[in-house]
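To start, the structure under review is shown below, and the notes come after it.
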Amino acid sequence: MSVARCPWMKYPGRWAALAPIAPAIYRSPRGLTAIRHTPVIVVQGARDRLVRASSTRRWIRKMQELEMTHKYVEYMDGGHIYPAFQGLPAIFEFFNTHAGRGVTPGKTTRSSARGSRAPAPPGAG
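Numbering (this note's numbering), first residue to last: 12 to 136.
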């Protein structure tokens, strides 16, 4: 999917938070700069044959570089469909924490599976 076809990147100010599940975005993660102030939780299956976890991890590294507020949940036994249902509690918890309430600069989020911590971007919230 190209950045032009991703409404969350084309219209970043319209989203309180995002939750891509096995995100089929094959372009460069440079487009993340457009949503750097939007909290993002990404759910991925390590055994997904349609959307490789290695591609998703590349996007996560860019989120870390941009100091985005994000959470990455990777299910080691997950394929393409499995993480979607397993990840719902984490997604709703993330939304309750971040969506529409602003993000406190320097606040980190905890990952429940394999993942990362990232501070909120400067000036967010």
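Each residue gets a CB set at the ideal place from its N, CA and C atoms; glycine is no exception.
Bear in mind that the values here come from a model prediction, so they are computed numbers and not experimental data.
Taking a 10 Å sphere around the C-beta of Leu-99, we find fewer than 16 other C-beta atoms and assign the residue as exposed.
Partner residues in the beta bridge of Leu-29, as assigned by DSSP, are Val-51. Glu-76: not part of any beta strand (DSSP E); member of the alpha helix (DSSP H) spanning 64-76, first to last residue.
When the alpha-carbon of Pro-34 is set against those of Gly-24, Arg-25 and Val-51, the nearest one is in Val-51. Setting aside the 5 residues that flank it on each side, Ala-30 is surrounded in the same chain by Ile-52 and Ile-102, each with a C-beta closer than 6 Å to its C-beta; the list follows chain order. Secondary structure of His-109 (DSSP, three-state): helix. In this chain, the beta strand (DSSP E) harbouring His-81 covers 81-86. Following the DSSP letters along the chain, one finds Pro-94 inside the alpha helix (DSSP H) bounded by residues 93-97.
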